[in-house]
Each structure stands twice: as C-alpha cells, then as structure tokens.
Amino acid sequence: MLKIVVLVSGGGTNLQAIINRAADGSLGDIKITSVISNNPGVKALDRAAQAGIPAEVVCPRDYADRAAFNDALLQTVRKTEPDLVVLAGFLVAIPPAMVQAFPNRIINIHPSLIPAFCGKGFYGLKVHEAVLARGVRVTGATVHFVDEGTDTGPILLQQAVRVEANDTPEILQRRVMEEAEWVILPQAISLIARGLVTVRDGRAIIGEDEK
Ligand code: GAR
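Going left to right, the sequence shown walks through residues 1 to 211 as this note's numbering numbers them.
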C-alpha cells in the first residue's frame, strides 16, 4: 500500500479530488494517512476532518525563524512515514533537506504548463493573472517531481486547457482546476501507486513508454 501525506495551504480542492478518487477505489492501493497545513483554519483542514484523515498544522508564526519552521515541517512529514509526499496547493518553498529526505518521492501540482508561468512568485491566482496578461491561448496544469529548484523537477503529467476571450483570473483558475488539476493529480498518484513511474536522468518515465 502506498502511504501518502498531503500538504496544503488553503481551499484544498485538490486534496478533495484525491480523497474522492481514493474513496471510489480508482487510485489503486493507496491511503492518505495524514494532511499537513501551514495555515490554521483553512478549508482543506475541514475536508480532511470530514474524510476522517488526521491533520496537523505547522505554521511559520509558531517558530522563531524559517530554519526552525523548516525543521518542524520535515519532522512532521517524517513522522507520518510516507511513501509519497503530495503538495496539493502547498504554497511554501520546500526546504532542500526535505527534498534530500524524500528524493523523487515528492510531487507538486502547478497551475500552468511548465516551463511557462512558473518559478518564484508564480503561485495560485498570480499564475492565471500572468497568463491573461500575456494573452496566451492555451494554459493548463502540470504534475512534477520536486527537486531543489522552484517548479524545475521532472515533469510527470500535463493537461492543456483553453483560455477564453472573457476569462477573469478566477474563471480561468476554476477551469484549469476542473479540467486539469483535479484530473492529473489523482492520475499521477495512481500511476505511482501502480509502480509505473521511474525517474531517470532528470526525466519522469511512465511505464514502458521510453526505454
Ligand atoms: C491550485 O490551483 C494549485 O495548482 C496552486 O494553488 C491552488 C490551490 O488550490 N498551486 C500553486 O500555485 C503551486 N505553485 P486548492 O487548495 O483548492 O487545491
């Protein structure tokens, strides 16, 4: 069984998508053993409680400095003994020590087609604002493994989404979530749970598609 810890910061709609797909059995032999949030009082924590998943808050404000927070976050994740760490709208820079502790075992969902509209400062609604400002016709979402850079790790899955003439950042965000994020994040977990993903030479390989 693949034991998963999900890290969240806010609304938790991606967490919900994983919970729903796990509940209908379509993700294979997995269990969400824990949810960790850097923010207290967010809806993602309600969603975890509703699903009966133990949750913890590790909030930067409760620590003397960033190093102490990073250490507490790593210890909290370690305690859950995960096979896979899923960043589902976790808007905190992942400390290098965490990447080293879980090499190729952390995945992230990003709301654009990487390498466009990603990196430092591109998160949440800001991504969709930048997409609209640039006037691209197609955007989407990406699931990637987490390395020590920002949004630079091996790409596992991507799904394109059309941009419409009258989109606002909020409307576009919702379409990207519905048509891409909530589909490919559970799908990525399912592929990993089935042992179909390997990382070689900095690239993610699915099944036997590239030998
Ligand atoms: C999602 O759109 C996710 O892709 C994005 O934050 C949102 C969280 O929504 N993540 C990033 O921007 C990471 N760089 P949710 O809490 O409802 O899942």
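Glycine included, C-beta positions come from ideal geometry on N, C-alpha and C.
Minimum Cβ-Cβ distance from residue i to chain C less than 9 Å
i, result
"F117", "The chain inventory of the structure shown lacks chain C, comprising one protein chain alone."
Contact set for residue i: own chain, Cβ-Cβ below 6 Å, skip 5 residues either direction
i, result
"P111", "V127, A141, V176"
"L172", "H128"
Close-in-space but distant-in-sequence residues of the same chain around residue i (CB under 8 Å, 5 per side omitted)
i, result
"E129", "P169"
"T76", "I36, E56, V58"
Whole-number beta carbon distance between residue j and residue i, since they are thought to touch under 8 Å
i, j, result
"L7", "L87", "5 Å"
"S26", "S190", "7 Å"
"H144", "N108", "6 Å"
Beta-carbon contacts of residue i that lie in its chain and below 7 Å, excluding the five residues immediately before and after
i, result
"G202", "P154"
"K211", "Low local confidence applies: a pLDDT of 46 at K211 is under 50, so the model's placement there is unreliable, with the coordinate-based value given in what follows. Excluding positions up to five away in sequence, the list is empty."
"L74", "P95, A97, M98, A101"
"K3", "K31, T33, E81, P82, D83"
"A193", "L2, L27, G28, D29, I30"
"Y63", "F69, A72"
Minimum C-alpha distance to residue i - residue among the options
i, options, result
"D151", "R162, Y123, L132", "Y123"
"V81", "N39, G207, D147, I32", "Note that residue 81 corresponds to Glu in the displayed sequence, not to Val. For the residues N39, G207, D147, I32, the minimum Cα distance to E81 belongs to I32."
"E213", "F90, A204, T139, V197", "Residue 213 cannot be examined here, being either before or after the span of the chain that is shown, 1 to 211."
Which parts of the stretch 106-149 are runs of the beta strand (DSSP E), unbroken and 3 residues or longer, counting only runs that do not cross its ends? 106-110, 138-145
Runs of alpha helix (DSSP H) wholly within the stretch 25-67 (minimum 4 residues, chain order): 43-50
Entirely within the stretch 171-210 and at least 4 residues each: give me those alpha helix (DSSP H) ranges in chain order. 182-193
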